[in-house]
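There are 2 protein chains.
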Amino acid sequence: MMATDSDFTQRLAALAEAVEAELDRLLSDRAPAGEIVRPARLTGAMRYAAMAGGKRLRPFLLVESALACGGSEAAALTAGTALELVHCYSLVHDDLPAMDDDDMRRGRPTVHKAFDEATAILVGDALLTLAFDAMASDTVHPDAAVRIRLVTGLARASGVGGMAGGQALDLEAEGRHSPDGRPLQLDDADIRTLQAMKTGALLAFATEAGAIAAGATEDKRAALLAFGKALGAAFQIADDILDVEADATALGKATGKDAERGKATLVGRLGLDGAKAERDRLARVALEALAGFGPEADMLRAALRFTVERRH
Amino acid sequence: MMATDSDFTQRLAALAEAVEAELDRLLSDRAPAGEIVRPARLTGAMRYAAMAGGKRLRPFLLVESALACGGSEAAALTAGTALELVHCYSLVHDDLPAMDDDDMRRGRPTVHKAFDEATAILVGDALLTLAFDAMASDTVHPDAAVRIRLVTGLARASGVGGMAGGQALDLEAEGRHSPDGRPLQLDDADIRTLQAMKTGALLAFATEAGAIAAGATEDKRAALLAFGKALGAAFQIADDILDVEADATALGKATGKDAERGKATLVGRLGLDGAKAERDRLARVALEALAGFGPEADMLRAALRFTVERRH
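Top line first, the protein sequences correspond to chains A and B. Sequence positions in the first sequence follow our numbering and run 1 to 312. Sequence positions in the second sequence follow our numbering and run 1 to 312.
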């Protein structure tokens with residue numbers, strides 16, 4: 001039996017609550033062995049940044065991928081929370097004045113507005129650092145070799161050849177760093193690479209890491225990685241479509257914030273209908289990647305539907 | 001036979017060259033498995049930040065601590081380079097306008113001056129991320145459990161309860177973040193804690209990590225940790241003394257840049273003579289921690305002399 005949208009929504013909410021509890025534990029003001037003191041102001045700002053709600057999609061994907069491979073939820077939850085810490089750090093740094101210069105996120109002042117810029121930089125640094133501490137912890141897996149593999153995978157999905165590199169390419173594409181201040185001209189393949197790095201890498205690693213944490217076969221790991229990659233790409237196109245359509249509804253025009261910023265998107269390259277067709281094609285690719293799984297992957301299938309059809 | 005200062009200087013230079021080669025390898029523009037593409041501009045900026053020379057004291061301490069415990073130099077070199085990546089990231093972020101706002105470092109424009117602020121933020125993020133990739137790599141140790149211990153130790157020395165937390169306390173102490181803009185009043189113990197976090201944690205972890213990487217006994221690990229802690233504290237006082245004396249020489253007055261910034265130092269609390277006595281006391285503590293080691297720790301003893309007596 002397929003997971004209904006309501007099953008999915010309930011499961012997503014339940015896991016988000018579990019992630020919140022895990023974040024609460026990791027962001028305790030008590031310093032564990034090997035630390036000296038956790039300064040109250042910085043710890044508070046980290047909690048403000050990380051515990052602001054949100055769908056917790058990355059931990060959800062990791063946990064459900066692990067369960068689809070017969071893994072344990074408790075172990076996958078810590079690994080998933082490590083990914084969430086990386087995601088939260090990236091939002092704090094992306095919001096900085098020198099980056100996207102956003103004052104608000106999820107209806108609250110961004111960290112540099114609620115605190116100050118220096119604190120926001122340190123909050124991001126410390127959340128990223130804590131992510132590796134969490135991923136290395138023995139609750140993730142009894143075998144250190146598995147944890148090392150996850151630590152390496154997290155570093156590669158997040159760093160210069162993954163998320164951070166994608167953000168750098170995005171700033172270049174917006175013309176923020178080209179010598180003449182003009183946006184780089186990106187073709188379809190460039191945009192896909194940029195998005196595969198900026199948002200795709202961590203989403204794809206979420207599903208792959210679930211398989212690794214569960215000790216899945218190489219086939220299942222590859223299948224879940226392929227699923228995560230296609231889902232990540234579909235997610236980004238859906239996001240770009242949303243930007244245009246939300247704006248079209250609100251302002252009666254068909255250009256969104258992305259276009260104003262000179263952001264290169266597949267909507268801009270393929271048109272709205274072309275982008276929707278590409279999003280749906282990617283969703284089919286993602287679904288096919290799960291062909292070897294039975295009902296144990298139904299929550300992942302539901303997450304895919306949610307991703308493609310989301311309205312906010 | 002004791003290592004002479006010239007032995008030490010030669011050894012420091014030789015290891016710095018080996019670290020440079022290791023950085024060159026880690027900062028290749030070819031993406032390893034698990035990464036997508038390394039963007040040329042970001043990779044170039046990371047190389048600019050990390051390969052700017054420098055003493056490479058942290059890798060030196062890690063390698064020499066490993067050798068003092070019978071470990072291998074090649075393995076310790078990768079672990080030491082991971083620490084150097086963390087050190088380099090911290091300099092890039094500390095130099096940012098929102099932090100210490102420094103335009104020059106080692107005679108060259110800082111990263112945000114040579115490139116731009118957004119790139120400098122991403123350079124720091126990506127160097128920090130790469131440090132964990134390096135520490136997890138199998139060249140560090142064949143046993144994944146040892147690498148996991150090093151990854152966890154690196155995270156704790158660098159994060160909210162270590163280096164990043166120390167930088168946050170330092171900004172608070174300078175009055176950058178207190179509600180009325182006035183410097184916090186710190187007593188001796190507060191200053192020691194701040195310095196143990198900001199500069200001490202990574203130096204102390206360098207010597208401890210050398211012992212861990214070499215598979216040393218628990219006694220030797222504890223001894224090297226104690227050595228690194230005392231050396232780190234002496235290093236910071238020597239630095240603060242240097243700030244006052246360099247300034248006194250240059251400007252004929254006895255207050256340095258630190259005092260202007262309202263930075264809390266033990267020189268400010270104990271006076272110049274008191275600070276020198278404390279520095280020398282800490283050097284004796286460090287030396288005593290090595291009592292159980294023979295000539296195999298002579299390079300560490302020489303590093304201590306260099307640290308305490310340094311003139312620049």
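For every residue, glycine included, the Cβ atom is placed at its ideal position computed from N, Cα and C.
S137 of chain A classed as buried or exposed, judged by whether at least 16 other C-beta atoms fall within 10 angstroms: Burial call: buried.
Nearest residue (CA-CA) to A297 of chain B, options B:L12, B:M51, B:L67, B:A246: Out of B:L12, B:M51, B:L67, B:A246, B:L67 has the C-alpha closest to the C-alpha of A297 of chain B.
Neighbour flag for I212 of chain A against chain B, beta carbons, 8 Å: Output row for I212 of chain A: interface = no.
Beta-carbon proximity of A50 of chain A to L127 of chain A, cut-off 8 Å: Cβ atoms of A50 of chain A and L127 of chain A: closer than 8 Å.
Length at least 4, wholly inside the segment 250-288 of chain A: the alpha helix (DSSP H) runs in chain order: Entirely contained in the segment 250-288 of chain A, the alpha helix (DSSP H) runs reaching 4 residues are, in chain order, 257-260.
Cut-off 7 Å between Cβ atoms - residues of its own chain near M46 of chain A, not counting five sequence neighbours on either side: Shown here for M46 of chain A: same chain residues with a beta carbon closer than 7 Å to its own, the five before and five after excluded, namely L27, V123, A126, L127 in chain order.
Rounded Cβ spacing between G228 of chain A and L266 of chain A (contact assumed at less than 8 Å): Going by Cβ atoms, the distance from G228 of chain A to L266 of chain A rounds to 19 Å, so no, they are not a contact pair.
Option nearest E17 of chain B by Cα separation, candidates B:E35, B:I36, B:P39, B:L57: If you compare the alpha carbons of B:E35, B:I36, B:P39, B:L57 with that of E17 of chain B, the shortest gap goes to B:L57.
Backbone CA spacing between K220 of chain A and A33 of chain B [nearest angstrom]: K220 of chain A and A33 of chain B: Cα-Cα distance of roughly 18 Å.
Below-8 Å beta-carbon distance, A196 of chain B vs any chain A residue: For A196 of chain B, the closest Cβ of chain A is nearer than 8 Å.
Segment limits, alpha helix (DSSP H) that includes R30 of chain B: Where R30 of chain B is concerned, there is no enclosing alpha helix (DSSP H), given that its DSSP letter is neither H nor E.
Cut-off 7 Å between Cβ atoms - residues of its own chain near R156 of chain A, not counting five sequence neighbours on either side: Closer than 7 Å at Cβ, skipping near neighbours: G162.
Minimum Cβ-Cβ distance from I237 of chain A to chain B less than 8 Å: For I237 of chain A, the nearest beta carbon of chain B is not closer than 8 Å to its own beta carbon.
Rounded separation between A226 of chain A and A75 of chain A - CA only: If you draw a straight line from the Cα of A226 of chain A to the Cα of A75 of chain A, it is about 23 Å long.
Which residues DSSP lists as bridging P109 of chain B, in chain order: Answer by DSSP bridge pairing, in chain order: B:M104.
Test: G159 of chain B CB closer than 8 Å to a CB of chain A: Yes, its Cβ sits closer than 8 Å to a Cβ of chain A.
Buried/exposed call for S65 of chain A, threshold 16 Cβ in 10 Å: Under this definition S65 of chain A is a buried residue.
Status (buried if at least 16 other CB within 10 Å, exposed otherwise) for A277 of chain A: Using a 10 angstroms sphere on the CB of A277 of chain A, the tally of other CB atoms stays under 16, which defines it as exposed.
CB contact check: L96 of chain B to chain A, cutoff 8 Å: Chain A, which has a Cβ nearer than 8 Å to the Cβ of L96 of chain B, makes this yes.
Residues of its chain near L83 of chain B, where Cβ-Cβ distance is below 8 Å and the 5 sequence neighbours each way are ignored: Short of 8 Å from the beta carbon of L83 of chain B, and not among the five residues preceding or following it, lie these beta carbons of its own chain, in chain order: R58, P59, L62, A131, L154, L202, F205, A206, A209.
Chain B within 8 Å of F306 of chain A, Cβ atoms only: Taking CB atoms only, F306 of chain A has no neighbour in chain B less than 8 Å away.
Exposed unless 16 or more other CB atoms sit within 10 angstroms - verdict on E316 of chain B: Beyond the ends of chain B as shown, which are 1 and 312, falls residue 316 of chain B; an answer cannot be given.
Euclidean distance between Cα positions of C69 of chain A and A79 of chain A: Near 15 Å, if we compare the C-alpha coordinates of A79 of chain A and C69 of chain A.
For G54 of chain A and L12 of chain A, the rounded distance between their alpha carbons: So the alpha carbons of these two residues sit roughly 10 Å apart.
Environment of Q236 of chain A [buried if 16+ CB atoms lie within 10 Å]: By the neighbour-count rule (16 or more Cβ atoms within 10 Å), Q236 of chain A is buried.
Extent of the continuous alpha helix (DSSP H) to which M299 of chain B belongs: Where M299 of chain B is concerned, the enclosing alpha helix (DSSP H) stretches over 298-309.
Helix, strand or coil at H93 of chain B according to DSSP, with G and I counted as helix: Correct three-state label for H93 of chain B: helix.
Beta carbon proximity, I36 of chain B to chain D, threshold 8 Å: Looking at the structure shown, chain D is missing, and the protein chains on hand are A and B.
Residues of the segment 126-152 of chain B whose Cβ lies closer than 7 Å to any Cβ of chain A, in chain order: The segment 126-152 of chain B vs chain A, Cβ under 7 Å: A126, L128, T129, L130, F132, D133, A136, A144, A145, R147, I148, V151, T152.
Rounded straight-line distance, which links the Cα of S72 of chain A to that of E245 of chain B: So the two alpha carbons sit approximately 60 Å from each other.
Contact under 8 Å by Cβ, A286 of chain A with A230 of chain A: Yes, these two residues count as a Cβ contact at 8 Å.
Residue-chain proximity (Q10 of chain A, chain B), Cβ-Cβ < 8 Å: By this cut-off, Q10 of chain A is not an interface position.
Close-in-space but distant-in-sequence residues of the same chain around Q10 of chain A (CB under 7 Å, 5 per side omitted): Excluding five sequence positions before and after Q10 of chain A, none of the CB atoms of its chain fall closer than 7 Å to its own CB.
Contacts around D273 of chain B, its chain only, beta-carbon distance under 7 Å, and the 5 residues preceding and following it disregarded: Closer than 7 Å at the Cβ level, and outside the excluded window around D273 of chain B, lies no residue.
Whole-angstrom C-beta distance between V146 of chain A and I212 of chain A, which should lie under 8 Å: Confirmed, Cβ separation roughly 6 Å.
Buried or exposed (CB count within 10 angstroms, at least 16 for buried), R301 of chain A: Per the 10 Å Cβ criterion, buried.
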